[in-house]
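The sequence shown begins at 879 in the working numbering and counts up one residue at a time. Inspection log for the structure reproduced underneath, given as structure tokens.
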Amino acid sequence: MTHIYLDNQATTPVDPRVLDAMLPFFKEDFGNAASRTHSFGWAAEGAVDRAREQIAELIHADAREIIFTSGATESDNLAIKGVAALRRDRGGHFITQVTEHHAVLDSCKALQRRGFDVTVLPVDPYGQVEPAAVSDAIREDTLLVSIMAANNEIGTMQPLDEIGAVCGERKVLFHCDAAQAVGKLTIDVQALGIDMLSISAHKLYGPKGVGALYVRSRPRVRLVAEIDGGGHERGMRSGTLNVPGIVGMGAACELAGAEMAAEGARLRGLRERLKTRLFDNVDDIHLNGHPEKRLDGNLNVSFEGADGESLMVGLEEIALSSGSACTSASLEPSYVLRALGVPNRLAESSIRFGIGRFNTEAEIDRAAGRVIEEVGRLRDISPYSGPKKRKS
């Protein structure tokens, strides 16, 4: 049985070209980037500096503004808690929105337990937050607004330019979790007015366990480090740098910058091919998220009368998801879909298709055919009384 991977929002495979760039740093160039007294350390440090430049170029930043972390979750924690720590016990106000990744939402909950105020904004039925709502929520003591670039479950993109403009006018820091967007969307931190940006390498065909936080230097954004012990990353993130992973992240960013436009067009074509096949052959199917302002490789749909978990079990040869990989152990309906007002019966029948760089038309056609077949089978054995599947 040949398996098909359609869960690229959870993680992407490492591009072979990225792996080729990484391999020397597991073998002959194995030095510690903090070792300043010999050639092994110098080679590692040079490779890290090069990766910093590659990442900064992709998001239109300065290389000195890139802090390496273990991934976007750590970057989110550093951005949010690092700003809060400056206040010591004086409190303050943070703003986010209801469909954020748990790395942001849980960080904000942690701040609430420490006495900070947090406003969690609602979203519209497509998953977008209103910039005017951000503006209305800002108070004199607001320290930070954290709004993601694109949602990991439904693919909806947020109006970052408008939100950035609001934050700039009100002189409030703007943090963005861009784990799903970097390498797929054009992200210009200068033009968008973003003060801090979180990135994960494994979402753009790089290795797992490495990420970065962009922190604006002009005007300087001040943070308190979350990890102490050695003063690495200009004191912002102590710990021996993962040189092979960082090299891989840099290579992945460089490839993404060169191929983003062509790859986006190809992924949109595959997504629309899948969507058309499904919507032409399955009744009572519902699109979740924005119909147009969404990630090119994301399709999230609900098949009424077909339980999502049962559907994935029946499609064992196809890697799919019913929501975020970070909450896949939960049997509760997706909090993202609930925030959109999607009824539980539809939230529980949702499937996320994450199309990526290495998927083919043949895989899309085969996956569509199997999904149509399996939805029909589940509806035949369930209490569902709606229309059955159309013939393909």
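In this text, a Cβ means the ideal position worked out from N, Cα and C, and glycines have one as well.
Distance between beta carbons of residue j and residue i, contact taken as under 8 Å
{"i": "Glu1194", "j": "Arg1094", "result": "At roughly 46 Å, the Cβ-Cβ gap does not stay under 8 Å, so Glu1194 and Arg1094 are not in contact."}
{"i": "Ser1013", "j": "Arg1048", "result": "7 Å"}
{"i": "Gly1089", "j": "Ile1077", "result": "5 Å"}
{"i": "Asn910", "j": "Thr1118", "result": "6 Å"}
{"i": "Asn1178", "j": "Asn1159", "result": "No, Asn1178 and Asn1159 are not in contact; Cβ-Cβ is about 18 Å, not under 8 Å."}
{"i": "Leu1148", "j": "Ile1242", "result": "5 Å"}
{"i": "Ile1250", "j": "Val1060", "result": "Ile1250 to Val1060, Cβ: 34 Å. No contact."}
{"i": "Ile1072", "j": "Gly1108", "result": "Incorrect: roughly 28 Å between the Cβ atoms, too far for contact."}
{"i": "Ile1016", "j": "Leu999", "result": "That belief does not hold up - the Cβ atoms of Ile1016 and Leu999 are roughly 11 Å apart, past 8 Å."}
{"i": "Ala925", "j": "Asp907", "result": "7 Å"}
{"i": "Ala981", "j": "Thr947", "result": "With 8 Å as the limit, Ala981 and Thr947 do not qualify as a contact, their Cβ atoms being about 11 Å apart."}
{"i": "Gly949", "j": "Asp1019", "result": "Their Cβ separation, rounded to whole angstroms, is 30 Å, which puts Gly949 and Asp1019 out of contact at 8 Å."}
{"i": "Asn1176", "j": "Gly1247", "result": "Actually they are not in contact, since the Cβ atoms of Asn1176 and Gly1247 sit about 21 Å apart, beyond 8 Å."}
{"i": "Ile1230", "j": "Ser1200", "result": "The question names Ile, yet the displayed sequence has Arg at residue 1230. 7 Å between Cβ atoms; contact."}
Own chain, CB closer than 6 Å to residue i, minus 5 neighbours either side, in chain order
{"i": "Ser1202", "result": "Note on Ser1202: pLDDT 43, under 50, position unreliable in the model; no value is reported."}
{"i": "Arg1146", "result": "Asp1174"}
{"i": "Pro1261", "result": "none"}
{"i": "Met1190", "result": "Leu1198"}
{"i": "Gly1192", "result": "Glu1252"}
{"i": "Gln932", "result": "Gly1128, Cys1131, Glu1132"}
{"i": "Pro894", "result": "none"}
{"i": "Met1114", "result": "Ile945, Ala1103"}
{"i": "Ile882", "result": "Ile1196, Glu1241, Ala1245"}
{"i": "Phe1120", "result": "Residue identity check: residue 1120 is Asn in the sequence provided, not Phe. Cβ within range, chain order: Val1088."}
{"i": "Thr880", "result": "none"}
{"i": "Asn1222", "result": "Pro1211"}
Residue range of the unbroken alpha helix (DSSP H) whose run includes residue i
{"i": "Ala929", "result": "917-937"}
{"i": "Thr951", "result": "950-963"}
{"i": "Ile1124", "result": "1121-1159"}
{"i": "Leu1070", "result": "1067-1070"}
{"i": "Leu901", "result": "Segment: none, Leu901 is in no alpha helix (DSSP H) and carries neither H nor E."}
Span of the beta strand (DSSP E) around residue i
{"i": "Gly1089", "result": "1089-1093"}
{"i": "Met1074", "result": "1074-1078"}
{"i": "Asp1055", "result": "1051-1055"}
{"i": "Phe946", "result": "944-947"}
{"i": "Leu1165", "result": "1163-1165"}
Sequence-distant residues of the same chain with beta carbon closer than 8 Å to residue i, five excluded per side
{"i": "Asp940", "result": "Ala934, Ser1095"}
{"i": "Val896", "result": "Tyr1083, Gly1084, Pro1085, Gly1126, Ala1129, Ala1130, Leu1133"}
{"i": "Gly1264", "result": "Asp1161, Asp1162, Glu1182, Gly1183, Arg1257"}
{"i": "Ala1217", "result": "Val976, Thr977, Pro1000, Val1001, Gly1005"}
{"i": "Pro1169", "result": "Tyr1004"}
{"i": "Arg1277", "result": "Residue 1277 lies beyond the stretch modelled for the chain, which goes from 879 to 1270, so this question has no answer here."}
{"i": "Asp1066", "result": "Ile937, His938"}
{"i": "Arg914", "result": "Trp920, Glu923"}
{"i": "Arg1255", "result": "Gly1192"}
Min CB distance residue i to chain C below 8 Å
{"i": "Gly1232", "result": "Of the protein chains in this structure there is only one, and it is not chain C."}
Cut-off 7 Å between Cβ atoms - residues of its own chain near residue i, not counting five sequence neighbours on either side
{"i": "Pro1122", "result": "Met900, Phe903, Phe904"}
{"i": "Glu1226", "result": "Asp1185, Gly1186, Pro1211"}
{"i": "Gly1219", "result": "Pro1003"}
{"i": "Gly1079", "result": "In the sequence as presented, Gly is not what sits at residue 1079; that position holds Ala. Within the same chain, Ala1079 has close Cβ partners Pro1085, Val1088, Gly1089, Gly1123, Gly1126, Met1127, Ala1130."}
{"i": "Arg1100", "result": "Leu964"}
{"i": "Glu1141", "result": "Arg1235"}
{"i": "Leu1224", "result": "His1164, Ser1180, Glu1182"}
{"i": "Glu1111", "result": "Ile945, Phe946"}
{"i": "Ala921", "result": "Asp907, Gly909"}
{"i": "Ala1139", "result": "none"}
Notebook entry, point to check: Mind pulling the beta strand (DSSP E) runs of 3 or more residues that sit fully within the segment 1169-1247?
Noted result: List check, beta strand (DSSP E) in window: 1176-1181, 1228-1232.
Next on the checklist: Taking 8 Å as the cut-off, does the segment 991-1010 touch the segment 1127-1136 (at least 3 CB pairs, one atom from each stretch)?
Outcome noted: The segment 1127-1136 makes no contact with the segment 991-1010, as fewer than three CB pairs between them are under 8 Å.
message = In chain order, what are the residue ranges of uninterrupted beta strand (DSSP E) at least 3 long that sit wholly in the segment 967-1038?
response = Fully enclosed beta strand (DSSP E) runs of 3 or longer: 971-975, 995-999, 1020-1024.
Problem - Meets three-Cβ-pair contact criterion under 8 Å: the segment 980-987 and the segment 1036-1051 - result: Between the segment 980-987 and the segment 1036-1051 there are fewer than three C-beta pairs closer than 8 Å, too few to call the two in contact.
With a threshold of 8 Å, are at least 3 pairs of Cβ atoms found where one atom belongs to the segment 1082-1096 and the other to the segment 947-957? In the pairwise beta carbon analysis, the segment 1082-1096 is classified as touching the segment 947-957: at least three pairs are separated by under 8 Å.
| Pairing CB atoms from the segment 1039-1058 with CB atoms from the segment 1177-1192, are three or more of them under 8 Å? | Fewer than three beta-carbon pairs drawn from the segment 1039-1058 and the segment 1177-1192 are found closer than 8 Å, and the two stretches are therefore not classed as touching.
Check: Touch check for the segment 1231-1250 and the segment 886-906: three-plus C-beta pairs under 8 Å?
Finding: Under the 8 Å Cβ criterion, the segment 1231-1250 counts as touching the segment 886-906, having at least three qualifying pairs.
| query | Counting Cβ pairs closer than 8 Å, one from the segment 1006-1020 and one from the segment 972-984, do we hit at least three? | reply | They touch, by the three-pair rule.
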